[in-house]
Amino acid sequence: MSTARETDAVFVMADLSGFTALTEAHGNLRAADVVARYQEIVRAVLEPGVRFLERIGDEVVLVAEEAAPAIRTAVRLRDAIEREPLFPMVRIGLNGGRVVERDGEYFGAALNIAARVTAHARPGQILATETVAARARALPDVTLCRLGDVKFKNVAGPVPVFELVCRPDEAPAVIDPVCRMRVDPETAPARLTYRDAAYHFCSLACAKAFLEAPDAYPL
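For what it's worth, the working numbering labels the leading residue of the sequence shown as 1, then goes sequentially.
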């Protein structure tokens with residue numbers, strides 16, 4: 001019988017925002033290509049001490065013994081994804097704590113809360129709990145913004161949540177409303193105006209879908 005052990009760990013969870021919309025708009029093959037590229041990017045940005053634990057759909061789970069390399073990996077991942085042309089944005093959440101490890105799998109509230117924090121993030125955001133944020137304060141080039149206490153489903157008590165690497169002055173990303181991919185407005189293949197708002201698209205196909213039912217694709 002396998003042996004279980006208690007240990008401290010820091011988890012980084014990251015998923016692709018709008019992946020379901022991308023699959024619906026561009027099909028399963030394109031979605032599979034995006035996930036394959038996503039995994040390549042994730043593995044390329046891993047800091048020493050951070051391990052790729054698993055992938056479930058478009059979500060990846062990373063684990064580390066220390067917070068600092070986990071934080072640096074999260075920042076590198078977000079930045080690498082934002083440099084990738086015509087790609088979904090990523091949402092990242094971090095949490096650490098005591099867990100049980102058995103045969104390379106981890107169990108415990110720390111992992112569950114990391115998932116809740118990730119789901120709470122907006123596209124392009126890196127969120128962390130106090131456990132991780134406390135260690136982030138000592139890192140250069142990492143700014144913290146406290147977002148307040150969040151009550152997560154099935155979690156006892158509110159959880160203080162922080163944004164890592166705040167960018168309050170940055171212009172919002174331009175998102176294709178149909179497939180939810182980030183697009184460069186300067187090079188987007190199509191641009192439409194609807195109700196005095198400008199929309200940019202990754203392809204003529206997405207622009208056509210929007211024209212046929214614009215109210216079905218709110219940003």
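For every residue, glycine included, the Cβ atom is placed at its ideal position computed from N, Cα and C. Note that the coordinates shown come from a computational prediction; the quantities given were computed from them, not determined experimentally.
Count the other CB atoms, across all protein chains shown, that sit within 10 Å of the CB of residue i; report buried if there are 16 or more and exposed otherwise.
i           : result
residue 114 : buried
residue 191 : exposed
residue 85  : exposed
residue 23  : buried
residue 137 : exposed
residue 177 : buried
residue 75  : buried
residue 154 : exposed
residue 56  : exposed
residue 73  : buried
residue 194 : exposed
residue 11  : buried
residue 210 : buried
Whole angstroms is fine: what's the gap from residue i's alpha carbon to residue j's?
i           : j           : result
residue 214 : residue 19  : 19 Å
residue 105 : residue 52  : 12 Å
residue 186 : residue 144 : 31 Å
residue 111 : residue 164 : 19 Å
residue 109 : residue 116 : 10 Å
residue 226 : residue 121 : Within the shown structure, residues of the chain are numbered from 1 to 219, placing residue 226 beyond reach of any answer.
residue 196 : residue 125 : 28 Å
residue 26  : residue 179 : 7 Å
residue 16  : residue 63  : 18 Å
residue 141 : residue 77  : 15 Å
residue 166 : residue 212 : 37 Å
residue 101 : residue 30  : 35 Å
Please state the DSSP three-state secondary structure of residue i.
i           : result
residue 152 : coil
residue 217 : coil
residue 145 : strand
residue 50  : strand
residue 139 : coil
residue 72  : helix
residue 191 : strand
residue 134 : helix
residue 197 : strand
residue 40  : helix
residue 121 : coil
residue 66  : coil
residue 206 : helix
residue 170 : coil
Based on the DSSP output, what are the partners of residue i in its beta bridges?
i           : result
residue 102 : 4 and 105
residue 88  : 181
residue 93  : 13 and 127
residue 163 : 127 and 145
residue 55  : 60
residue 175 : 182
Quick one: measure Cβ to Cβ for residue i and residue j, integer angstroms, because I've assumed they're closer than 8 Å.
i           : j           : result
residue 222 : residue 60  : The question about residue 222 has no answer here: the residues shown for the chain are numbered 1 through 219.
residue 183 : residue 202 : 5 Å
residue 68  : residue 135 : 6 Å
residue 92  : residue 139 : Wrong, their Cβ atoms sit about 16 Å apart, outside the cutoff.
residue 131 : residue 157 : Not a contact, Cβ separation roughly 14 Å.
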